[in-house]
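Notes follow once the structure below has been shown.
Residue numbers (the UniProt record's numbering), protein chains in the order written: chain A, 1 to 479; chain B, 1 to 479.
Here it is, written out as structure tokens:
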């Protein structure tokens, strides 16, 4: 039996169903907490938890001394995962090698770039970074020329660690190892805690790169249903942990790719507690953490008292992908992680580390993030408006809390791989949803990158995509 | 039975023994080819092959219309490998994790840097590279900001490929995949052709990083005796291949680390032919290839008709380690290699690739290499003179044909790990020989880096090392 710690989530779900079905309409006041508690036969506390959750997700508004009101009943929201499609059993990953081909189109400068999840140069401080690089070539030439210390530049790791001072369990400079991007960090983290044949739990949908990584390293995968606003189902996760035989769990808790949710602090702490109770290492991919719109969002690592969380991040999504600089704090696995790092790439590019150290030290990076979050939020909302306008009725989409992607479900059972191919021929790069799961569970989804402003060109591309989606749905119906 | 293709090597060895023993002295004329052929009961051709080999190694001089004369009988030469210590059987690597600690001292700027094998900034064009970086930040900012194409920068791979036009089998731009240094290339090459538990053949002594790589990836190792001037024993290699069960062979054919030999073209071709005959992939670590003193030395890859050679190289040893840029041409394993690369670090640092592309395009790199080779040759010879002067009698050392390391054998059975530790306390970083083999076969060897000019400080360090070596030998004797 699954315990009742997550009862409030079930209450939230039932409330949302009623809002979606029109039982409660926007602006309407909900019954009092006491009455709801009686209706659902749960405690007053559980109702309050559920209300707070739905408020955080934008559905409700709690007005002090007045009551709780419906704020949104957006029928465009993507549906919650259908538990029956998740057998919670280990399977082998065998995603087509084609995925690497899907990524390649990004390198074509003539494409409309809605494929790779990446903020564009319009919202990133390209000139300032280039100026800092020039400065480093003048004042730190010898340091830039040489191998860096195996752990990374001391200035850089010092300032990385300082950013975690507000965590319950801060990361220290000694915990940190600099990597060549977050992908290297994830790869080394995986190899630090597991071996070929082992089973690793992932979110579903999850970043396709994580699935490919698991495939390349011959790990088996258990997919756990993941809620578009709350994140990985802790109840299902516990069920899998209870059964045993799990070597690691790979998750994103901030601005997850592709769903865009940010887990609540409470759920992050509960996730770490689960990892501790069952002694399963948690590999946390926080590559989007710095883009959470609201404010700096502490990762699950912030609650890691027992060193079971292998935290991985980078600056590819928040500053400059070409730097190829990431970092990890691998907790109790740090020694093994560091050995693997040195035999993977020895050290990471020196100039990139010095540049990042200086941008953190001067406060420029923090200031840049404040602007970036506003830009990304605006761009994502602008793109969502266009999708609602141009895509066929029945299209559903996420309401991200960070990052720059929209996760879009097309109506009519359209396989988005067909849409991807038609779009590529048209000079539009999008990403088909099938590869965000091991078995094509999300084949009718599409991921759109809102990393750049919605220009007239982008609008035309979205309009074309919407029409193509409608055509494909019609073709499906005729068959 | 081992066939007679390498008979001339045995003849050479016997001749060298006689020269070393004083049977033939420097300046003396050797018996005619015909007489030698009768003495050794081999063909005239075999004697000529042997003479040519010994001439290439600097022992003999062939004067046309006159005869063959002894040129050198340098008693400082390190001894040939003792075949009896090579059982040619697979063993597991378990080098102490301490090796990573040995490397770490390099990051201490106050150390006399005789440890890591690396040309110093004195002989590398630091200013020119920094100026090129500045130029790229001004004129290629967006390209430097972005992810590079998964295969690497087109300008860069184009010019890399052009350098191989004189090979029997040139490398094309399409064959090339850019990596984050040669270590990533070696790691991906290994994973492209083998799995945990597999057996890989290596030279002995070999680069300790290669052994650590095999340890981390749980490969077993067969060590093949390697001649200080001719390279890996092809006869022993064939014996191992014949027995079967070998997944790959990892070698260096140019300016090998630590021995400094460069294999003859004939032996390189024979090595590739062996790999073809037994269908064993050859992983070629050519990171020192550009530093061969004589001239550009084609690698074994130059003879690779069947795509079995996975060539790996970088610019860390010839231009700038901090760039972290290497490359590979993985032959028939390219597809798998590329998949692994994308899931290792996605792409490599953009600005480093653009910079290298421009330095190759302008001809600057080729011009720089001509100067670098002269510098390294001079520095290595200067350091060898100091070692002969200050180290105890009975010390032996290599005569490198490229690169910047000396491989030094101490007399009196000194364990150089003790010397390493004493030297570290004294602010001198050297590398103990024990880690260049799986079982401490070379524990009485020391590797010295001659990457920087022999300054008064370096001379003092060598003088101190020589004295310490003598002391340790004396301590050994008293026990």
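Cβ atoms here follow ideal geometry from the backbone N, Cα and C, with glycine treated the same way.
Note that the structure is a prediction, hence the values are computed from the model and not measured.
Go through its chain and collect everything with a Cβ distance to residue 469 of chain A's Cβ below 7 Å, but skip five positions before and after it. Translated into the one-based positions of the first chain, residue 469 of chain A becomes position 469. Excluding sequence neighbours, residue 469 of chain A sits near 391, 392, 410, 414 and 419.
Helix, strand or coil at residue 431 of chain A according to DSSP, with G and I counted as helix: Indexing the first chain from 1 puts residue 431 of chain A at position 431. In this structure, residue 431 of chain A counts as strand in the three-state DSSP scheme.
Interface flag, residue 127 of chain A vs chain B, CB-CB below 9 Å: Residue numbering aside, residue 127 of chain A sits at position 127 when the first chain is read from its first letter. Chain B contact via Cβ: present.
Using a C-beta cutoff of 9 Å, does residue 104 of chain A count as contacting chain B? The residue given as residue 104 of chain A occupies position 104 in the first chain. Yes, because at least one Cβ of chain B sits closer than 9 Å to the Cβ of residue 104 of chain A.
Does DSSP put residue 446 of chain A in a helix, a strand or coil? Sequence index remark: in the first chain, residue 446 of chain A carries index 446 (1-based). Residue 446 of chain A: strand per DSSP, three-state reduction.
Quick one: does residue 2 of chain A have its CB under 9 Å from some CB of chain B? On the first chain, residue 2 of chain A is found 2 positions in, with the first residue counted as 1. Since pLDDT at residue 2 of chain A reaches only 41, below the 50 mark, its modelled position is unreliable, and no value is offered.
In this structure, what does DSSP give as the bridge partners for residue 250 of chain B? Against the second chain, residue 250 of chain B aligns to sequence position 250. According to DSSP, residue 250 of chain B bridges with B:202 and B:283.
Going by other Cβ atoms of all chains shown within 10 Å of its Cβ, with 16 needed for buried, is residue 94 of chain A buried or exposed? Along the first chain, one-based indexing puts residue 94 of chain A at 94. With fewer than 16 other Cβ atoms within 10 Å, it is exposed.
Residue 188 of chain A classed as buried or exposed, judged by whether at least 16 other C-beta atoms fall within 10 angstroms: Position 188 of the first chain, counted from the first residue, corresponds to residue 188 of chain A. So residue 188 of chain A counts as buried.
Cα-Cα separation, residue 7 of chain B to residue 430 of chain B: Here the question's residue 7 of chain B lines up with position 7 in the second chain. Here the question's residue 430 of chain B lines up with position 430 in the second chain. If I take the Cα positions, the gap works out to 38 Å.
Any idea what DSSP makes of residue 314 of chain A, helix, strand or coil? As a working mapping, residue 314 of chain A is identified with position 314 in the first chain. If DSSP states are grouped into helix, strand and coil, residue 314 of chain A belongs with the strands.
One question on the structure: do residue 47 of chain B and residue 11 of chain B come within less than 9 Å of each other, judged by their Cβ atoms? Mapped onto the second chain, residue 47 of chain B falls at position 47. Mapped onto the second chain, residue 11 of chain B falls at position 11. Yes, Cβ-Cβ distance for residue 47 of chain B and residue 11 of chain B is below 9 Å.
Nearest to residue 142 of chain B by alpha carbon, out of B:354, B:367, B:370 and B:347? One-based indexing of the second chain puts residue 142 of chain B at position 142. Selected option, being the one with the closest Cα: B:354.
Where residue 245 of chain A falls, given that 16 or more other Cβ within 10 Å makes a residue buried: By 1-based counting over the first chain, the position of residue 245 of chain A is 245. Result: exposed.
Can you give the Cα-Cα distance for residue 460 of chain B and residue 123 of chain B, rounded to whole angstroms? Walking along the second chain from the start, residue 460 of chain B turns up at place 460. Walking along the second chain from the start, residue 123 of chain B turns up at place 123. Each residue's alpha carbon lies about 21 Å from the other.
To which residues does DSSP link residue 69 of chain A through a beta bridge? Taking the first residue of the first chain as position 1, residue 69 of chain A is located at position 69. DSSP lists A:29 and A:61 as partners of residue 69 of chain A.
In chain E, which residues lie with their C-beta within 7 Å of the C-beta of residue 134 of chain A? Here the protein chains are A and B, and chain E is not one of them.
Among the residues of its own chain, which have a CB less than 6 Å from the CB of residue 342 of chain A, if the five just before and after it don't count? Within the first chain, the letter at position 342 stands for residue 342 of chain A. If we look at residue 342 of chain A and ignore the five residues flanking it on each side, its Cβ neighbours are 150.
Proximity test, Cβ basis, 9 Å: residue 288 of chain A and chain B: Residue mapping note: residue 288 of chain A aligns to position 288 of the first chain, counting from 1. No, its Cβ sits nowhere closer than 9 Å to a Cβ of chain B.
What number of angstroms, rounded off, separates the C-alpha of residue 196 of chain B from the C-alpha of residue 196 of chain A? Sequence index remark: in the second chain, residue 196 of chain B carries index 196 (1-based). Sequence index remark: in the first chain, residue 196 of chain A carries index 196 (1-based). Going from the Cα of residue 196 of chain B to the Cα of residue 196 of chain A covers about 9 Å.
Suppose you measure from the CA of residue 207 of chain A to the CA of residue 257 of chain A; what does that come to, to the nearest Å? Counted from its first residue, the first chain places residue 207 of chain A at position 207. Counted from its first residue, the first chain places residue 257 of chain A at position 257. Each residue's alpha carbon lies about 6 Å from the other.
Roughly how far, in whole angstroms, is the beta-carbon of residue 34 of chain B from the beta-carbon of residue 364 of chain B, given that I think they are within contact range, below 8 Å? For this step, residue 34 of chain B is matched to residue 34 along the second chain. For this step, residue 364 of chain B is matched to residue 364 along the second chain. Rounded, the Cβ-Cβ distance is 52 Å, inconsistent with contact.
Could you have a look at residue 132 of chain B and say whether DSSP puts it in helix, strand or coil? The count along the second chain starts at 1 and reaches residue 132 of chain B at position 132. Three-state DSSP puts residue 132 of chain B in a helix.
Starting from residue 183 of chain A, find everything on chain B with Cβ-Cβ shorter than 9 Å and list it in chain order. Mapped onto the first chain, residue 183 of chain A falls at position 183. Simply 342, 343, 344, 345 and 346.
Where does residue 185 of chain B land, buried or exposed, given buried means 16+ other C-beta within 10 angstroms? Taking the first residue of the second chain as 1, we reach residue 185 of chain B at position 185. It is buried - the Cβ of residue 185 of chain B has at least 16 other Cβ atoms within 10 Å.
Chain-ordered neighbours of residue 450 of chain A on chain B, where CB pairs are closer than 7 Å: Stepping through the first chain from its first residue, residue 450 of chain A is reached at position 450. Residues of chain B passing the Cβ test: none, with the nearest at roughly 17 Å.
Are residue 333 of chain A and residue 164 of chain A touching if we call contact CB-CB under 9 Å? Sequence index remark: in the first chain, residue 333 of chain A carries index 333 (1-based). Sequence index remark: in the first chain, residue 164 of chain A carries index 164 (1-based). It is not a contact, given that the beta carbons lie outside the stated cut-off.
Mind checking if residue 116 of chain A is an interface residue toward chain B, Cβ cutoff 9 Å exclusive? Locating residue 116 of chain A in the first chain gives position 116, counting from the first residue. Interface residue, yes.
Would you say residue 198 of chain B faces chain A, with C-beta separation under 9 Å as the test? Taking the first residue of the second chain as 1, we reach residue 198 of chain B at position 198. Residue 198 of chain B does not count as touching chain A.
What did DSSP end up calling residue 77 of chain B once you bin it into helix, strand or coil? Here residue 77 of chain B is taken as the residue at index 77 of the second chain, counted from 1. If DSSP states are grouped into helix, strand and coil, residue 77 of chain B belongs with the strands.
Can you confirm whether residue 403 of chain B, when its beta carbon is compared against all beta carbons of chain A, has any partner nearer than 9 Å? One-based indexing of the second chain puts residue 403 of chain B at position 403. No, residue 403 of chain B does not count as interfacial toward chain A.
Would you check if the distance between the CB atom of residue 231 of chain A and the CB atom of residue 263 of chain A is smaller than 9 Å? For the purposes of this step, residue 231 of chain A is taken as residue 231 along the first chain, with counting starting at 1. For the purposes of this step, residue 263 of chain A is taken as residue 263 along the first chain, with counting starting at 1. Taking 9 Å as the Cβ cut-off, residue 231 of chain A and residue 263 of chain A qualify as a contacting pair.
Would you say residue 330 of chain B and residue 280 of chain B are within 9 Å of each other, going by their C-beta atoms? By 1-based counting over the second chain, the position of residue 330 of chain B is 330. By 1-based counting over the second chain, the position of residue 280 of chain B is 280. Not closer than 9 Å, so no.
Find the nearest neighbour of residue 237 of chain B within the set B:211, B:92 and B:275, judged by alpha-carbon distance. Within the second chain, numbered from 1, the residue matching residue 237 of chain B stands at position 237. Ranking B:211, B:92 and B:275 by Cα distance to residue 237 of chain B puts B:275 first.
Contact between the region 216-225 of chain A and the region 83-93 of chain A is defined here as three or more beta-carbon pairs at a separation below 8 Å; is this criterion met? yes
By alpha-carbon positions, which one of B:451, B:105 and B:31 ends up nearest to residue 372 of chain B? In the second chain, residue 372 of chain B corresponds to position 372, counting from 1. Selected option, being the one with the closest Cα: B:451.
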